[in-house]
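Take the position in the sequence shown, starting the count at 1, then add 161; the result is the number in the numbering used here.
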Amino acid sequence: MFKDLRKISLKETIPYAKYGIAIGGLSVGEPKPLMYEIMDDLLPHYPTHIPRYLMGVGTPANILNAVERGVDLFDCVMPSRNARHGHLFTSEGIININNKKYEYDMRPIDENCGCPVCQRYSRAYIRHLLKADERLGMRLCVLHNLWFYNEMMAKMREEIENGTFEEFYQKYMPILGTRI
């Protein structure tokens, strides 16, 4: 978290950065405001002609915040790891499909989602699969989360290209981190 050392490292690394440059060490338990502060301090010094890669960061809200700051690439186990435990991302916020309130819920995980899971299975059925320790439940949850991330990234690219990313950011930032 030492900004001065990060700037020295960046200065020394830039001459070797042909295909992109990474921002690391911000996903191992640091408070989110500190992560954003580090990005705000460093990103103006990063070259703009190569991709900026934020290592290991990956909630939808974190990605949206990082894109708004100028980050291009991400990697994270979160969408699949969390999905295996019933933690699902939706256009309305985050749900834990294991919660009792979904026991008889016949709606899809996300009524605004076009993934095969949301087109075919109910929250109640997926919850049942997870509670019964059926591997299919985990697979369906992973498929949904990966679909959600792919669609979110495609939508962000579209908004950037259309020059409307700021409106998208303002609309979805309060939603993506909300637990429902």
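We treat Cβ as the ideally placed atom computed from N, Cα and C, and that holds for glycine. Small disclaimer: the values here were computed from a predicted structure and weren't measured.
Does DSSP classify residue i as helix, strand or coil?
| i | result |
| --- | --- |
| His248 | strand |
| Gly298 | helix |
| Ser170 | helix |
| Phe163 | coil |
| Glu229 | helix |
| Ala315 | helix |
| Pro205 | helix |
| Ala293 | coil |
| Val189 | coil |
| Val303 | helix |
Measure the CB-CB distance between residue i and residue j and report whether it falls below 8 angstroms.
| i | j | result |
| --- | --- | --- |
| Arg245 | Met299 | yes |
| Ile336 | Ile256 | no |
| Arg230 | Met200 | yes |
| Leu307 | Tyr282 | no |
| Pro212 | Leu234 | yes |
| Phe309 | Met317 | no |
| Asn259 | Gly275 | no |
| Lys172 | Asp202 | no |
| Met196 | Thr220 | no |
| Tyr214 | Ala178 | no |
| Glu320 | Phe329 | yes |
| Met334 | Ala227 | no |
Any idea which residues DSSP pairs residue i with across the strands?
| i | result |
| --- | --- |
| Arg213 | Ile182 |
| Arg340 | Ile255 |
How close, in whole Å, do the beta carbons of residue i and residue j come, if the pair is a contact with beta carbons under 8 angstroms?
| i | j | result |
| --- | --- | --- |
| Leu249 | His289 | The pair is not a contact, with the Cβ atoms about 15 angstroms apart (cut-off 8 angstroms). |
| Glu264 | Ala285 | 6 angstroms |
| Asp266 | Thr251 | The pair is not a contact, with the Cβ atoms about 13 angstroms apart (cut-off 8 angstroms). |
| Val189 | Ser241 | About 19 angstroms; that fails the 8 angstroms criterion. |
| Ile175 | Pro208 | 6 angstroms |
Check: Taking the runs of the beta strand (DSSP E) that are 3 residues or longer, which of them lie wholly in the segment 235-288?
Finding: The segment 235-288 is shown to contain whole beta strand (DSSP E) runs of 3 or more residues at 248-251, 254-257, in chain order.
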